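The sequence shown begins at 1 in UniProt numbering and counts up one residue at a time.
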Amino acid sequence: MAGNWRRRKVIPEVAAEPDLVVEDADSGFCGAVVGFELGAVVLEDRFGKRRNFPLTPAAFLLDGETVTLVRPAARPQPRQRRVTASGSVAVDNVKAQVAKASRIWVEGIHDAALVERIWGDDLRIEGIVVEPLDGIDDLAGAVAAFRPSGRRRLGVLVDHLVPGSKESRIVAAVTDPNVLVTGHPYVDVWQAVKPERVGLRAWPVIPPGRPWKEGVCEAAGVREPADMWRRILASVSSYRDVETPLINSMERLIDFVTVLDD
Numbered sequence: 001m002a003g004n005w006r007r008r009k010v011i012p013e014v015a016a017e018p019d020l021v022v023e024d025a026d027s028g029f030c031g032a033v034v035g036f037e038l039g040a041v042v043l044e045d046r047f048g049k050r051r052n053f054p055l056t057p058a059a060f061l062l063d064g065e066t067v068t069l070v071r072p073a074a075r076p077q078p079r080q081r082r083v084t085a086s087g088s089v090a091v092d093n094v095k096a097q098v099a100k101a102s103r104i105w106v107e108g109i110h111d112a113a114l115v116e117r118i119w120g121d122d123l124r125i126e127g128i129v130v131e132p133l134d135g136i137d138d139l140a141g142a143v144a145a146f147r148p149s150g151r152r153r154l155g156v157l158v159d160h161l162v163p164g165s166k167e168s169r170i171v172a173a174v175t176d177p178n179v180l181v182t183g184h185p186y187v188d189v190w191q192a193v194k195p196e197r198v199g200l201r202a203w204p205v206i207p208p209g210r211p212w213k214e215g216v217c218e219a220a221g222v223r224e225p226a227d228m229w230r231r232i233l234a235s236v237s238s239y240r241d242v243e244t245p246l247i248n249s250m251e252r253l254i255d256f257v258t259v260l261d262d
């Protein structure tokens with residue numbers, strides 16, 4: 001009579017993981033765990049028959065041994081990768097860098113706002129400032145005044161950069177190896193936004209000699225260019241909302257100004 005003879009045998013608890021094969025001790029039904037319904041475990045036998053059993057203590061046999069089935073602990077969900085508006089993987093807990101000497105120039109404030117909307121996160125991490133110009137008529141003079149070098153690179157995004165255009169002739173005068181000029185074929189950066197995002201089937205064709213933005217506003221039923229621009233910018237949330245030539249040009253510029261000579 002020595003010892004604690006009244007102590008009961010400890011019944012182990014086993015997590016009811018999917019495909020675990022157990023037997024209901026009372027009915028003899030044997031099957032694999034396939035899920036849970038209303039607090040009961042669902043077992044499926046080898047013939048595909050399913051039955052529900054309450055998770056009663058010591059109610060199941062596992063390899064001939066009595067066990068108590070319990071619901072498995074919730075598994076932590078893998079952290080979803082966050083991406084920036086440009087489609088690159090976001091870097092968490094990193095502050096914006098102090099601005100580097102290199103710059104990206106764009107033709108105007110609308111271009112700068114669109115670039116910020118899509119590539120702002122990437123540029124802040126790289127420490128690259130985007131500056132709007134008031135047109136590119138004196139681009140060669142502005143580049144000379146900037147004094148680019150291997151540690152002070154310059155990227156320039158130009159509208160309507162197509163063969164034979166005024167813009168292409170201006171760009172041809174810039175030959176400094178520390179300057180990269182890229183562009184898109186659109187008359188204005190507005191047109192680089194996919195028209196369906198703005199509620200248009202296509203960007204309207206404006207006759208030569210007529211101000212392009214005013215013509216677009218009239219075709220779209222908008223009174224003022226400022227109102228149209230707000231509508232355009234509000235329609236853009238990521239790179240998916242703009243045309244490929246703009247994306248390719250900006251990605252090239254960012255790569256160029258962030259890879260510096262030693």
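We put the CB at the ideal spot given by N, CA and C, even for glycine.
This one's a predicted model, so the numbers in the text were calculated from it and none came from an experiment.
Taking only the alpha-carbon atoms, compute the straight-line gap between residue i and residue j and give it to the nearest angstrom.
{"i": "V14", "j": "E37", "result": "18 Å"}
{"i": "E167", "j": "V158", "result": "7 Å"}
{"i": "T175", "j": "S235", "result": "37 Å"}
{"i": "V143", "j": "A219", "result": "37 Å"}
{"i": "D138", "j": "M228", "result": "28 Å"}
{"i": "P195", "j": "G127", "result": "32 Å"}
{"i": "A112", "j": "V41", "result": "59 Å"}
{"i": "R153", "j": "V179", "result": "6 Å"}
{"i": "I206", "j": "Y186", "result": "12 Å"}
{"i": "R231", "j": "P163", "result": "31 Å"}
{"i": "A85", "j": "R201", "result": "24 Å"}
{"i": "A140", "j": "V198", "result": "35 Å"}
{"i": "V171", "j": "S237", "result": "30 Å"}
Closest to residue i by CA distance: which of the options is it?
{"i": "residue 282", "options": "P54, A25, A40", "result": "The structure shown has nothing for residue 282, since the chain only spans 1 to 262."}
{"i": "G183", "options": "N52, E65, P245", "result": "P245"}
{"i": "A16", "options": "S27, G28, V10, G39", "result": "G39"}
{"i": "G155", "options": "V129, S165, D137", "result": "V129"}
{"i": "F256", "options": "P163, E131, R151, R201", "result": "R151"}
{"i": "W190", "options": "D137, N248, A226", "result": "A226"}
{"i": "F29", "options": "R46, V216, H110", "result": "R46"}
{"i": "I109", "options": "T68, P163, P132", "result": "P132"}
{"i": "K9", "options": "A140, T66, S27", "result": "T66"}
{"i": "D121", "options": "L253, D188, I136, V83", "result": "V83"}
{"i": "R51", "options": "L260, R169, V22, L180", "result": "V22"}
{"i": "V259", "options": "S149, C217, L55", "result": "S149"}
{"i": "F146", "options": "A101, I136, A172, L161", "result": "A101"}
{"i": "A58", "options": "G64, K49, L69, Y239", "result": "L69"}
{"i": "D19", "options": "P12, S27, V33, I11", "result": "V33"}
{"i": "L253", "options": "I11, R71, R103, P54", "result": "R103"}
Residue i by DSSP, collapsed to three states: which one?
{"i": "L246", "result": "helix"}
{"i": "V236", "result": "coil"}
{"i": "A32", "result": "strand"}
{"i": "A16", "result": "coil"}
{"i": "P195", "result": "helix"}
{"i": "T176", "result": "Checking the sequence, you will find Asp at residue 176 rather than Thr. If DSSP states are grouped into helix, strand and coil, D176 belongs with coil."}
{"i": "L200", "result": "coil"}
{"i": "P225", "result": "helix"}
{"i": "R230", "result": "helix"}
{"i": "L154", "result": "strand"}
{"i": "S168", "result": "helix"}
{"i": "F256", "result": "helix"}
{"i": "V162", "result": "coil"}
{"i": "V130", "result": "strand"}
{"i": "K9", "result": "coil"}
{"i": "V83", "result": "strand"}
{"i": "V181", "result": "strand"}
{"i": "V189", "result": "helix"}
Could you tell me the boundaries of the alpha helix (DSSP H) in which residue i lies?
{"i": "F146", "result": "139-146"}
{"i": "D122", "result": "109-126"}
In the DSSP assignment, the beta strand (DSSP E) including residue i goes from what residue to what residue?
{"i": "A40", "result": "40-44"}
{"i": "W105", "result": "103-106"}
{"i": "V216", "result": "It is not in any beta strand (DSSP E) - V216 instead sits in the alpha helix (DSSP H) that spans 212-220."}
{"i": "D24", "result": "21-24"}
{"i": "R75", "result": "Counting along the chain, R75 falls outside any beta strand (DSSP E), and DSSP gives it neither H nor E."}
{"i": "L62", "result": "60-62"}
{"i": "V70", "result": "65-70"}
Does any heavy atom of the ligand FMN sit closer than 8 Å to the C-beta of residue i?
{"i": "L55", "result": "Among the components of this structure there are no ligands whatsoever, and the ligand FMN is therefore not found."}
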